[in-house]
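Novice:
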Amino acid sequence: MPTQKTSANERARSRFQTVIEQELIDRLKTLVLAARNIVVTCHVSPDGDALGSSCALAAVLRTLGKEARVVTADCAPRALQFLPGVRDIVASTRQPETAARLIEQADLIFCMDFNDLKRLDRLEPLVRASQARRVVIDHHLDPSIEADVLISHPEVSSTSALLYIVLWQAYWTRNLTRSSAACIYTGMMTDTGNFSYNSNDPDLYLIIHDLMLKGIDKDNLFKLVMNTSSESRIRIMGYGQYRMQLFKQHRAALIMLSQAELDEFDYGKGDTEGLVNVPLAMPDVTYSVFMREDGPDTVKVSMRSKGDFSVSRICEDCFSGGGHANAAGGEFKGSLAEAVTHLISVLPNYDQYLS
Ligand code: 5GP
Ligand code: MN
Numbered sequence: 256m257p258t259q260k261t262s263a264n265e266r267a268r269s270r271f272q273t274v275i276e277q278e279l280i281d282r283l284k285t286l287v288l289a290a291r292n293i294v295v296t297c298h299v300s301p302d303g304d305a306l307g308s309s310c311a312l313a314a315v316l317r318t319l320g321k322e323a324r325v326v327t328a329d330c331a332p333r334a335l336q337f338l339p340g341v342r343d344i345v346a347s348t349r350q351p352e353t354a355a356r357l358i359e360q361a362d363l364i365f366c367m368d369f370n371d372l373k374r375l376d377r378l379e380p381l382v383r384a385s386q387a388r389r390v391v392i393d394h395h396l397d398p399s400i401e402a403d404v405l406i407s408h409p410e411v412s413s414t415s416a417l418l419y420i421v422l423w424q425a426y427w428t429r430n431l432t433r434s435s436a437a438c439i440y441t442g443m444m445t446d447t448g449n450f451s452y453n454s455n456d457p458d459l460y461l462i463i464h465d466l467m468l469k470g471i472d473k474d475n476l477f478k479l480v481m482n483t484s485s486e487s488r489i490r491i492m493g494y495g496q497y498r499m500q501l502f503k504q505h506r507a508a509l510i511m512l513s514q515a516e517l518d519e520f521d522y523g524k525g526d527t528e529g530l531v532n533v534p535l536a537m538p539d540v541t542y543s544v545f546m547r548e549d550g551p552d553t554v555k556v557s558m559r560s561k562g563d564f565s566v567s568r569i570c571e572d573c574f575s576g577g578g579h580a581n582a583a584g585g586e587f588k589g590s591l592a593e594a595v596t597h598l599i600s601v602l603p604n605y606d607q608y609l610s
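Letter by letter, the sequence shown follows residues 256 to 610 in the numbering used here.
As structure tokens, then:
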């Protein structure tokens, strides 16, 4: 007779290619059932995947009778304000005392979509000081967060898809509503460019099937999240592309925007989302760099690449950052002009990895 555990494992194996160790799922369930106040948090400058996975998880936890709140370092971008649960998020930039109190009172903290506590920015010291038990659900390489339960699957294209598999193995997908299903779909969609990259995993389409049975309107979610723009965004995207620089010998493209240019276009958070991907449409461009002046001596750096060429290596080596092989980011301390000079000086070091 198979034990109950074996049959749970076999059931999992029969559905998705990604299988989470049943022991991790069991421990996660025990932690949740024992907890009262739960904080769900994600990385600073949260994107669709960070917000989608966090809001969906918090909603599921509430259906289980828990006090669950999403606490973030800063606010969600405009395009994601409509996402169910986003308006209830406690952002530390707006509500620092509430954010601190919730983290202090939490007996369980979920870390969604990041691999290093540094990515919590201003929340980092609060989470480090907390006595709460910790669960990580993430798809970035090399997780460095100490946790009671670490569910790390870099082969899964989004934390939201990974969360769905966690919920499924925990028998908690019945606790998903249409709203939380929409959150999960949004994360899956944004981390794959509407299923145009990192999207050859058949599990994704089983998950989408389930989410659609929950009643999500995927076409409308695409329109709201990925095909709705402010005037400023339309103009900045056009201007950025017009001013793009190419470094043909290094198969690289660079788009940069200074604070003065951002001001001129009335830049709002999220207005340049996706701009870094655009140059990759050129067959001769292997990687693309986007630099945005962010205050007097900080430049935010974003990189994207195709194929085996890793931009997380460049971001780690040269811009105190990291991320995924094909999508990474970091920061430069100095002026925009200095950041560009730095980039140009390091580009030749990576020619060896161009195949
Ligand atoms: P984006 O370019 O969209 O801001 O970020 C792409 C990916 O790069 C993110 O999912 C994240 O993994 C990573 N990333 C972005 N900025 C940073 C950063 O400053 N530090 C680290 N370690 N990773 C980053
Ligand atoms: Mn993600």
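Positions of the beta carbon are idealized from the N, C-alpha and C atoms, including for glycine. Note that this is a predicted model, so its numbers are computed, not measured.
Tell me whether P551 is buried or exposed, calling it buried when 16 or more other Cβ atoms sit within 10 Å of its Cβ.
Specialist: By one-based count along the sequence shown, residue 551 stands at place 296. Result: exposed.
Novice: Any heavy atom of the ligand MN closer than 7 Å to the Cβ of D446?
Specialist: Your numbering for residue 446 matches position 191 in the sequence shown. Flag set: Cβ of D446 near the ligand MN.
Novice: Flag this pair as yes or no: are the beta carbons of G585 and V544 separated by less than 8 Å?
Specialist: Along the sequence shown, one-based indexing puts residue 585 at 330. Along the sequence shown, one-based indexing puts residue 544 at 289. No, they are not a contact pair.
Novice: Under a Cβ-count criterion, where at least 16 other Cβ atoms within 10 Å of its own Cβ denotes burial, should E548 be classed as buried or exposed?
Specialist: Here residue 548 refers to the residue found at position 293 when the sequence shown is read from its first residue. Looking at its Cβ environment, which holds 16 or more other Cβ atoms inside 10 Å, E548 is buried.
Novice: Per DSSP, what are the beta-bridge partners of D368 in this structure?
Specialist: Indexing the sequence shown from 1 puts residue 368 at position 113. None; D368 has no bridge partner.
Novice: Which residues, in chain order, sit with a beta-carbon under 5 Å away from any heavy atom of the ligand 5GP?
Specialist: Cβ-based neighbours of the ligand 5GP within the cut-off: S557, G576, G577, G578, A582, A583, G584, G585.
Novice: Are the Cβ atoms of G523 and R333 separated by less than 8 Å?
Specialist: Here residue 523 corresponds to residue number 268 of the sequence shown, with the count starting at 1. Here residue 333 corresponds to residue number 78 of the sequence shown, with the count starting at 1. Yes. Within cutoff.
Novice: Excluding five sequence neighbours on each side, which residues of the same chain lie with their C-beta closer than 7 Å to the C-beta of S399?
Specialist: Position 144 of the sequence shown, counted from the first residue, corresponds to residue 399. If we look at S399 and ignore the five residues flanking it on each side, its Cβ neighbours are N370, D371.
Novice: DSSP state of T541, grouped into three classes?
Specialist: The count along the sequence shown starts at 1 and reaches residue 541 at position 286. Looking at T541 - three-state DSSP - the assignment turns out to be coil, as it is neither helix nor strand.
Novice: Give me, in chain order, the residues of the same chain whose beta-carbon lies closer than 7 Å to that of T258; leave out the 5 immediate sequence neighbours on both sides.
Specialist: Counted from its first residue, the sequence shown places residue 258 at position 3. The predicted position of T258 is uncertain, since its pLDDT is 49 and thus under 50; no value can be drawn from it.
Novice: Using a threshold of 8 Å, state whether the C-beta atoms of R374 and S347 are closer than that.
Specialist: On the sequence shown, residue 374 is found 119 positions in, with the first residue counted as 1. On the sequence shown, residue 347 is found 92 positions in, with the first residue counted as 1. The answer is no: Cβ separation not under 8 Å.
Novice: Residues bridged to K555 by DSSP?
Specialist: Within the sequence shown, numbered from 1, the residue matching residue 555 stands at position 300. The partner list for K555 (beta bridge, DSSP) reads R547, E586.
Novice: What distance in whole Å lies between the Cβ atoms of L357 and L286, which are believed to be in contact at a cut-off of 8 Å?
Specialist: Within the sequence shown, the letter at position 31 stands for residue 286. Within the sequence shown, the letter at position 102 stands for residue 357. About 18 Å separates the two Cβ atoms, so there is no contact after all.
Novice: Compute the beta-carbon to beta-carbon distance between G442 and S413, rounded to the nearest angstrom, for a pair I have assumed lies under 8 Å.
Specialist: To locate residue 442, count along the sequence shown from 1; it is residue 187. To locate residue 413, count along the sequence shown from 1; it is residue 158. Correct: roughly 5 Å between the Cβ atoms.
Novice: Taking 7 Å as the cut-off, is the C-beta of D643 nearer than that to any heavy atom in the ligand MN?
Specialist: The first residue shown for the chain is 256 and the last is 610, placing residue 643 beyond what the model contains.
Novice: Residues in the same chain with beta-carbon distance under 8 Å from G320, minus the five sequence neighbours each way, listed in chain order, please.
Specialist: Mapped onto the sequence shown, residue 320 falls at position 65. Excluding sequence neighbours, G320 sits near nothing in its chain.
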